[in-house]
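Protein chains: 2
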Amino acid sequence: MILTTNLRDKMKEIDKPWSPIEVARVNDQVVRMSLVDGEYHWHRHTGEDELFYVYEGSIVIQVIGQADITLRGGEMAVIPKGVEHCPKSLEPSYVLVFEPLVLKSEGD
Amino acid sequence: MILTTNLRDKMKEIDKPWSPIEVARVNDQVVRMSLVDGEYHWHRHTGEDELFYVYEGSIVIQVIGQADITLRGGEMAVIPKGVEHCPKSLEPSYVLVFEPLVLKSEGD
């Protein structure tokens, strides 16, 4: 049985920031939705790229050694593996993250 | 240099249906955007799941042996590997597909 996932409904399942919920699995990847509110911490994922897609809101991804990346609703960016980064919100925002299932969401 | 991708801008790069353009690469996966207009053909991907996300519009994915799946803007579904399916539009629609980079987009 193939299920439909409505992202607006998923938003309602989230009750606190930085606590991703699983939205879908596809191959060896997982799609998670996270409420981005405030600032996370600087970290890197040594072996995996991480795709950020802003479903609603606007965020900044601070990246070591380059200008900040601003992402608004409908915008995405891929942080390559090994690149130190730190997301923060410009307003409370709902963000999809695509990453391998093995990835520790906390990073190193 | 990490680039930002705006899906609304990407829509403008597409000039004909069923001709996906690349939107992002993350790990061994690729994100493509396709204009879904009309009906595709029945096919399956033997080794890979395929995630459909409707960015704008509404589509139906016909799936062998189960009820049709209707996806509207902000909705997604994963077609498991091996499952025969056939997408069609309810209106001209812009759809993201997540699949492994090796996947032949035409299917078998």
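Residue numbers (our numbering), protein chains in the order written: chain A, 1 to 108; chain B, 1001 to 1108.
Think of the CB as a built atom: it goes at the ideal place given N, C-alpha and C, for glycine as much as any other residue.
To the nearest angstrom, report how far apart residue i and residue j are at their CA atoms.
{"i": "serine 1093(B)", "j": "aspartate 37(A)", "result": "31 angstroms"}
{"i": "serine 1089(B)", "j": "histidine 41(A)", "result": "42 angstroms"}
{"i": "glutamine 66(A)", "j": "lysine 1010(B)", "result": "24 angstroms"}
{"i": "glycine 1082(B)", "j": "aspartate 28(A)", "result": "16 angstroms"}
{"i": "leucine 35(A)", "j": "proline 87(A)", "result": "11 angstroms"}
Could you check how far apart the C-beta atoms of residue i and residue j are, in whole angstroms? I think they sit under 8 angstroms.
{"i": "aspartate 1068(B)", "j": "isoleucine 1061(B)", "result": "7 angstroms"}
{"i": "leucine 1101(B)", "j": "methionine 1033(B)", "result": "Actually they are not in contact, since the Cβ atoms of leucine 1101(B) and methionine 1033(B) sit about 16 angstroms apart, beyond 8 angstroms."}
{"i": "glutamate 99(A)", "j": "valine 30(A)", "result": "6 angstroms"}
{"i": "valine 1063(B)", "j": "histidine 1085(B)", "result": "5 angstroms"}
Which of the three DSSP states, helix, strand or coil, is assigned to residue i?
{"i": "proline 10(A)", "result": "At residue 10(A) the sequence reads lysine, which differs from the proline that was named. If DSSP states are grouped into helix, strand and coil, lysine 10(A) belongs with the helices."}
{"i": "glutamate 84(A)", "result": "coil"}
In chain A, which residues lie with their C-beta within 8 angstroms of the C-beta of residue i?
{"i": "methionine 1001(B)", "result": "Gln66"}
{"i": "isoleucine 1021(B)", "result": "Here the premise fails: no neighbours, minimum Cβ distance about 14 angstroms."}
Can you tell me where the beta strand (DSSP E) with residue i in it begins and where it stops?
{"i": "proline 1100(B)", "result": "1093-1100"}
{"i": "glutamine 1066(B)", "result": "Note, glutamine 1066(B): premise wrong, no beta strand (DSSP E); not H, not E."}
{"i": "methionine 1(A)", "result": "No beta strand (DSSP E) holds methionine 1(A); DSSP gives it neither H nor E."}
List the residues of chain A whose Cβ lies closer than 7 angstroms to the Cβ of residue i, in chain order.
{"i": "threonine 1046(B)", "result": "The premise fails here: threonine 1046(B) is roughly 13 angstroms from chain A at the closest Cβ pair, so nothing lies under 7 angstroms."}
Please tell me whether, using a cut-off of 7 angstroms, the distance from the CB of residue i to the nearest non-hydrogen atom of the ligand GTP is below it.
{"i": "glycine 1073(B)", "result": "Ligands in the displayed structure: none, and consequently the ligand GTP is not present."}
Mind pulling the chain A residues with CB within less than 9 angstroms of residue i?
{"i": "isoleucine 1059(B)", "result": "Residues of chain A passing the Cβ test: none, with the nearest at roughly 11 angstroms."}
{"i": "valine 1063(B)", "result": "Ile2"}
Can you pull the chain B neighbours of residue i, defined as C-beta to C-beta under 7 angstroms?
{"i": "arginine 32(A)", "result": "Within 7 angstroms Cβ-Cβ: nothing; arginine 32(A) doesn't reach chain B, min ~13 angstroms."}
{"i": "aspartate 49(A)", "result": "Val1026, Asn1027"}
I want to verify the contact list: residues of chain B whose CB lies under 8 angstroms from the CB of residue i, in sequence order.
{"i": "proline 100(A)", "result": "Asn1027"}
{"i": "glycine 74(A)", "result": "Asn1006, Leu1007, Arg1008, Tyr1055"}
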